[in-house]
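Protein chains: 2
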Amino acid sequence: MEWQEAKDKFIQNWGALGTVWGINRTMAQVHALLMISPKALSADEIMEELQISRGNANINIRSLIDWGLVYKELKPGDRKEYFIGEKDMWVVVRQIIVHRKKRELDPMLRVLDEISNSKIPDASDEAIALNKTIRDIKLFSSKADSILDVLVKSDSNWFVGTFLKMIK
Amino acid sequence: MEWQEAKDKFIQNWGALGTVWGINRTMAQVHALLMISPKALSADEIMEELQISRGNANINIRSLIDWGLVYKELKPGDRKEYFIGEKDMWVVVRQIIVHRKKRELDPMLRVLDEISNSKIPDASDEAIALNKTIRDIKLFSSKADSILDVLVKSDSNWFVGTFLKMIK
DNA sequence: TGCAACTTTCAAAATTATTTGAAAGTTCAA
DNA sequence: TTGAACTTTCAAATAATTTTGAAAGTTGCA
Chain Z
6 MEWQEAKDKF IQNWGALGTV WGINRTMAQV HALLMISPKA LSADEIMEEL
56 QISRGNANIN IRSLIDWGLV YKELKPGDRK EYFIGEKDMW VVVRQIIVHR
106 KKRELDPMLR VLDEISNSKI PDASDEAIAL NKTIRDIKLF SSKADSILDV
156 LVKSDSNWFV GTFLKMIK
Chain L
6 MEWQEAKDKF IQNWGALGTV WGINRTMAQV HALLMISPKA LSADEIMEEL
56 QISRGNANIN IRSLIDWGLV YKELKPGDRK EYFIGEKDMW VVVRQIIVHR
106 KKRELDPMLR VLDEISNSKI PDASDEAIAL NKTIRDIKLF SSKADSILDV
156 LVKSDSNWFV GTFLKMIK
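Respectively, the protein sequence lines represent chains Z and L. Okay, so the first sequence: first residue is 6 according to my numbering, each after it adds one. Okay, so the second sequence: first residue is 6 according to my numbering, each after it adds one.
Below you can see the structure in the form of structure tokens.
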């Protein structure tokens, strides 16, 4: 396989993976490109490489910075901005977890709290089932939450090492 | 809050959560409805409750059965099929993990294997960086994979109990 | 200040994903 | 067998998301 072919394949597939993860294709592709690029790239280089418009590049680069997966790099004597991708897989995954938790899990928990604070009376089988489901989800989520917190705060070696030892 | 309002809110929000999880809104809503329904519902009841078409209901019920989140229930002397939702949160989450892993992680790993088996020579900085990234992702994934396997095979109490003790 | 080099914005266009509903397919009791 | 009761399929319609590109905004140097 040619280097260029391998690179394209990697970028394409990372893009597809992004799609099912609720991250849009271009954002995932920009991320893939920067992850495998040893040097910082300018917006123009990214546009050229991925064949996307300036607006599209801009918006997705910005999201990636927001997610903590890409950093700006300024070169002295150059007004262009350059972008460098986070290379440490553990940090990448951790950032994705933090960001998605905030965006997805937290709003659901807020709704559950709102419902359960309003104390729907156990007046029918249906109401009992709803109340129970809500209790179960909250219980489960709070546990998942603690686990994610530890995960996020721990460093890669500690986590994987301890975990793998534990399950042996 | 009225029972009906709480129910709608729950279903709506579970649907929104589904969207960001790469599960379509209707599928997540059907799942929510069945999760909080103490009795099995027919396709017609689901259509009526969620205001969706027969085709849409059918396709999403089938996906849910496929994902192991909903079961068929046949009532003697009735030709209609009824559907009952998995109620155990741990099983729900476990099934989602298994299914998504198969659908998302595995294809990516196949591509990485394909690329790394073709042995791109370390002929340039770029090629070196790509090779390293691929190695890192594979390493990370194989660890994540073991962890997910344990998670999936373990039962809820064991996992959460042991984990929480460990991190104290 | 003025201007060139760059970045950001956003409405319209394009693309992608979902939903509908009617027709085809299946099943089973009589 | 037949036909009523039900389920499945799928092409077209609709809805949601993403992308474009041109115009507006910003920045810093001469």
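All residues carry an ideal CB built from backbone N, CA and C; glycine is no exception. Since the model is a prediction, treat every value here as computed from it, not as a measurement.
Delimiting residues of the beta strand (DSSP E) encompassing E86 of chain L: E86 to G90
Contact with chain Z by K14 of chain L, beta-carbon distance below 8 angstroms: yes
Tell me the DSSP secondary structure of K77 of chain Z in three-state form. strand
S47 of chain Z by DSSP, collapsed to three states: which one? strand
Do three or more CB pairs link the region 72–81 of chain Z to the region 111–130 of chain Z at distances below 8 angstroms? Too few Cβ pairs lie closer than 8 angstroms, so no.
At least one CB of chain Z closer than 8 angstroms to the CB of F145 of chain L: is that the case? Taking CB atoms only, F145 of chain L has a neighbour in chain Z less than 8 angstroms away.
DSSP state of N181 of chain Z mapped onto helix, strand, coil: One cannot answer for residue 181 of chain Z here, as it falls past the ends of chain Z, which runs 6 to 173.
Using the Cβ count rule (16 or more neighbours within 10 Å means buried), how would you classify A11 of chain Z? Classification of A11 of chain Z: buried, given that the 10 Å Cβ count is 16 or more.
Find the residues of chain L that neighbour G27 of chain Z, judging by a C-beta separation of less than 9 angstroms, and give them in chain order. Correct list: T24, V25, W26 and G27.
Looking at C-beta atoms only, is the number of pairs between the region 145–155 of chain Z and the region 86–96 of chain Z that lie closer than 8 angstroms three or more? no
Closer than 8 angstroms at the beta carbon, the chain Z residues around E109 of chain L: L22, V25 and W26
Buried or exposed: A128 of chain Z, going by 16 or more other Cβ atoms within 10 Å of its Cβ? exposed
When you compare each of L:S47, L:Q100, L:I66 and L:F88 to V157 of chain L by their alpha carbons, which one comes out closest? L:Q100
Given a limit of 7 angstroms on CB to CB distance, which residues of the region 109–124 of chain Z reach chain L? E109, M113, V116, I120 and S123
Residue range of the alpha helix (DSSP H) that S68 of chain L falls in? R59 to D71
Does the distance from the C-beta atom of I120 of chain L to that of K14 of chain Z stay below 8 angstroms? Yes; because the gap between Cβ atoms is below 8 angstroms, this pair is in contact.
In terms of residue numbering, what span does the alpha helix (DSSP H) encompassing A128 of chain Z cover? Where A128 of chain Z is concerned, there is no enclosing alpha helix (DSSP H), given that its DSSP letter is neither H nor E.
Could you tell me whether the Cβ atoms of G82 of chain L and W26 of chain Z are closer together than 8 angstroms? no
By the DSSP assignment, the alpha helix (DSSP H) with M32 of chain L in it spans what residues? R30 to M40
Under 8 angstroms between C-beta atoms, does L39 of chain L make it to chain Z? no
Helix or strand or just coil, what does DSSP make of Q56 of chain Z? coil
Anticipated Cβ contact below 8 angstroms, V116 of chain L with N29 of chain Z, distance rounded: Not confirmed; about 20 angstroms, so no contact.
Check each candidate in Z:K44, Z:D150 and Z:M32 and name the one with the smallest Cα separation from Y87 of chain Z. Of Z:K44, Z:D150 and Z:M32, the residue nearest in Cα terms is Z:K44.
Can you say whether G60 of chain Z is buried or exposed, counting buried as having 16 or more other CB atoms within 10 angstroms of its CB? exposed
Can you pull the chain L neighbours of M32 of chain Z, defined as C-beta to C-beta under 8 angstroms? Neighbours of M32 of chain Z on chain L: none; closest Cβ ~14 angstroms, over 8 angstroms.
With 16 other Cβ atoms within 10 Å as the buried cut-off, status of R123 of chain L: For clarity, residue 123 of chain L is Ser in the given sequence; the question names Arg instead. The residue in question, S123 of chain L, is exposed, as its Cβ has fewer than 16 Cβ neighbours within 10 Å.
Option in L:R84, L:D150, L:D130 and L:E131 with minimal Cα separation from D105 of chain L: Here residue 105 of chain L turns out to be Arg, not Asp, going by the sequence shown. Ranking the options by Cα distance to R105 of chain L, first place goes to L:D150.
With R115 of chain L as the anchor, note down where its alpha helix (DSSP H) starts and where it stops. D111 to N122
Report all residues from its chain with a CB closer than 8 angstroms to the CB of I66 of chain Z; omit the five preceding and five following residues, and keep chain order. V35, A48, I51, V75 and F88
How close, in whole Å, do the beta carbons of T138 of chain L and I41 of chain Z come, if the pair is a contact with beta carbons under 8 angstroms? 5 angstroms
According to DSSP, is M94 of chain Z part of a helix, a strand, or is it coil? helix
Proximity winner among Z:M6, Z:S68, Z:R140 and Z:W8, relative to T215 of chain Z (alpha-carbon distances): Within the shown structure, residues of chain Z are numbered from 6 to 173, placing residue 215 of chain Z beyond reach of any answer.
Alpha helix (DSSP H) containing G27 of chain L: first to last residue? Element bounds for G27 of chain L: n/a, residue is neither H nor E.
Counted within 10 angstroms of its Cβ, other Cβ atoms place L135 of chain L as buried (16 or more) or exposed: buried
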